[in-house]
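First residue of the sequence shown? That's 6 in the working numbering, and the numbers climb one at a time after it. C-beta atoms are modelled at their ideal positions from N, C-alpha and C, and glycine is treated no differently. Notes follow once the structure below has been shown.
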Amino acid sequence: MQTERSPLSPVPVLRPIFLLGTRRLTVDRRQFLRTVSASALAASTAVVVGSPLATAHPGPFEPLGRIEIDGAKEAVVSADGETVFVAATDGYAVVDVSAPDRPELLAERRDLRSDREDGPFRGLYDVKLDGDTLLVVGPANPIPGAPAGVLVVDVSDPATPEEIAFHETGFPIHNCFAADGRAYLTANDGDRNPLVVLDVDSGDELGRWSVVSTDDRWADVPPSMRSVHDVWVRDRVAHVALWDAGTWFVDLSDPASPSVLGAVSPGDPEELAALTPRDRHRERRTPPGNHHYVATDDAGDLLGVGVESWAVEVDRDDGTTELVGGPSGVELWDVSNPANPVRLSTIEPPAGPDPTLGGVWTTAHNFDFRDDRLYTSWYRGGVKRHDVSDPTDPVELAWWRDPERASFWTAQYAYPFADEGVFVASSRGVDDASPALYTFPDHAGDQRDPPTLGPETTTESLVNTPPTTPTGDGATPSASDNSPSTSATDAPGFGLGVGAAALGVAGWLARRRGRRD
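Written out as structure tokens, the structure is:
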């Protein structure tokens, strides 16, 4: 590895100049802790704006290390916390973070399945880990003519991953979950948009569930408003994020016979079905709704719901405009009784200068619970660490951002050592700033001289503002808010540019079904 310092940040930028072999570098983590803590001699008290008081760790809060990974999206961490697997759009990367100030690239695989006539396998936004088995899924959004499915990789030796199977599917896969030898796949087929369960070894489909099968009124709601965006599974109960259809809890102990246990903010299918195309377009972008990512704490009783939303500019009859909606945060729910979930609190998003889809994104993205801590990502709004031991009153412990260089996709706990630990966060980069994986200390603290997110960082009046339904005498959408869509994945949570790619999704799916038949 070659280390250099970026002129924009004191954090070393680690550029891999060769691929490591099978030997894995390790360090004594307690020795690392002593080294990191040598300059910190006393504790202090930090006041975090908008949060209760929290006791800070000595010294500024800042990354420990950074390594560039082209195309970085989702990241998952091994059971021992020392290896991170990163989805990299046209492949995946394996990073050793056992020395978190010096993350090392162990392996990188690109141009997967390029020997296929329709290869390579690309558009890969998600990876998940089940023991020593890594699942790489895609494409996240429809890519006509490209392979779609699940790549199964043996990572028992992380430095030499071995691809052992590829299970082709008839649908794109934006996100997945892996547990107990099963793959839980988001299957936005433009119709029922089911969650599909596969046997990882054989590739056989074990079952599927769709909100339409639970209540056929949902069939009248456009698929783009009930896209199956993400899934989290604990004890074979799937927590399924369905955008404007909320989050549903489905018992998949027997995947062939799923049963619904409850739902969070499921919405009214009749009201959603009655919306005009312009209103649907706005509803998909603004709160409430937009359930994007879900995860539970270790016990499974506390559910986090990440809501991804933006503001929409609306023209009024008097010639003025206003912004409706805005970025959303992470809702915390008590789901100990899934039939009667109770909202406990909401962690609000950072305020940004332009909350529109084309502006500075500070809305919630992926996150992770560990013990009584919650690690969150907010795109250019940075990463945060909260104490959620009292989920009715979460306490912000740390916040780091670099909006000119980093747009964070996820934050994931890595491992403990001595009296603290490490968490990691992947960034998709900003403009010419490269995508990367960051490592952070798992302690409270303040960022030194934190940058602003823009010239006017205020969206307080917009956060969680429900969209106004236009009437003949009221607001009407602007030209930019006047684009109806019929694609199952033509929603902002699936990434910019999806609309164009989705134009051929119906024919693409038909061709793939024909090939499989």
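For residue j and residue i, the rounded distance between their alpha carbons
i, j, result
"residue 429", "residue 179", "22 Å"
"residue 316", "residue 217", "29 Å"
"residue 336", "residue 366", "18 Å"
"residue 243", "residue 308", "12 Å"
"residue 302", "residue 375", "7 Å"
"residue 177", "residue 64", "46 Å"
"residue 257", "residue 206", "18 Å"
"residue 127", "residue 113", "14 Å"
"residue 403", "residue 167", "38 Å"
"residue 299", "residue 373", "9 Å"
"residue 85", "residue 371", "21 Å"
"residue 228", "residue 408", "33 Å"
"residue 288", "residue 250", "11 Å"
"residue 283", "residue 339", "35 Å"
"residue 382", "residue 426", "18 Å"
"residue 173", "residue 193", "15 Å"
"residue 164", "residue 281", "53 Å"
"residue 230", "residue 247", "8 Å"
"residue 66", "residue 390", "11 Å"
"residue 475", "residue 272", "In this prediction, residue 475 has a pLDDT of 31, which is less than 50 and means its spatial position is unreliable; nothing more can be read from the coordinates."
"residue 224", "residue 276", "13 Å"
"residue 358", "residue 386", "11 Å"
"residue 76", "residue 157", "20 Å"
"residue 448", "residue 411", "21 Å"
"residue 278", "residue 232", "14 Å"
"residue 525", "residue 253", "Absent from the model: residue 525. The displayed extent of the chain is 6 to 522, so no value can be given."
"residue 414", "residue 198", "24 Å"
"residue 450", "residue 355", "17 Å"
"residue 236", "residue 304", "17 Å"
"residue 353", "residue 331", "11 Å"
"residue 146", "residue 175", "13 Å"
"residue 378", "residue 384", "20 Å"
"residue 325", "residue 345", "43 Å"
"residue 270", "residue 209", "33 Å"
"residue 306", "residue 122", "47 Å"
Distance between beta carbons of residue j and residue i, contact taken as under 8 Å
i, j, result
"residue 368", "residue 333", "6 Å"
"residue 152", "residue 195", "No, residue 152 and residue 195 are not in contact; Cβ-Cβ is about 18 Å, not under 8 Å."
"residue 312", "residue 296", "6 Å"
"residue 95", "residue 116", "7 Å"
"residue 82", "residue 419", "5 Å"
"residue 398", "residue 341", "Incorrect: roughly 18 Å between the Cβ atoms, too far for contact."
"residue 388", "residue 445", "7 Å"
"residue 214", "residue 203", "Not confirmed; about 13 Å, so no contact."
"residue 148", "residue 159", "At roughly 26 Å, the Cβ-Cβ gap does not stay under 8 Å, so residue 148 and residue 159 are not in contact."
"residue 139", "residue 90", "6 Å"
"residue 101", "residue 70", "Their Cβ separation, rounded to whole angstroms, is 11 Å, which puts residue 101 and residue 70 out of contact at 8 Å."
"residue 161", "residue 137", "4 Å"
"residue 314", "residue 292", "5 Å"
"residue 405", "residue 108", "With a Cβ gap of about 16 Å, residue 405 and residue 108 do not count as contacting."
"residue 417", "residue 98", "Going by Cβ atoms, the distance from residue 417 to residue 98 rounds to 15 Å, so no, they are not a contact pair."
"residue 154", "residue 171", "6 Å"
"residue 141", "residue 104", "Contact doesn't hold; Cβ gap of about 26 Å is too wide."
"residue 260", "residue 211", "4 Å"
"residue 73", "residue 439", "5 Å"
Identity of the residues DSSP links to residue i by a beta bridge
i, result
"residue 143", "154"
"residue 115", "96"
"residue 256", "242 and 264"
"residue 173", "154"
"residue 73", "441"
"residue 133", "140"
"residue 381", "372 and 389"
"residue 80", "91"
"residue 126", "117"
"residue 168", "158"
"residue 109", "101"
"residue 361", "316"
"residue 233", "Answer is none; residue 233 lacks a bridge partner."
"residue 269", "252"
"residue 296", "248 and 312"
**OP:** Flag this pair as touching only if the segment 319-335 and the segment 262-280 have three or more C-beta atom pairs under 8 Å; answer yes or no.
**Re:** With a cut-off of 8 Å, the segment 262-280 and the segment 319-335 do not count as touching, because too few Cβ pairs lie within range.
Subject >> Unbroken stretches of the alpha helix (DSSP H), 4 residues or longer, contained in the segment 300-351 >> reply: Runs found: none.
**OP:** Just list the beta strand (DSSP E) runs in the segment 398-455, keeping only unbroken ones of 3 residues or longer that don't cross its boundaries, in chain order.
**Re:** Within the segment 398-455, the complete beta strand (DSSP E) runs of at least 3 residues are 400-405, 413-422, 425-432 and 441-446.
Subject >> Inter-stretch contact (C-beta, 8 Å, three-pair minimum) for the segment 452-459 and the segment 425-440 >> reply: Contact between the segment 452-459 and the segment 425-440 is absent, because fewer than three Cβ pairs lie under 8 Å.
Original post:
Taking three-plus beta-carbon pairs below 8 Å as touching, is the segment 175-193 in contact with the segment 125-134?
Top reply: Yes, since at least three Cβ pairs between the segment 175-193 and the segment 125-134 fall closer than 8 Å, the two stretches touch.
Subject >> Every unbroken alpha helix (DSSP H) inside the segment 177-221 [4 residues or more] >> reply: Entirely contained in the segment 177-221, the alpha helix (DSSP H) runs reaching 4 residues are, in chain order, 216-219.
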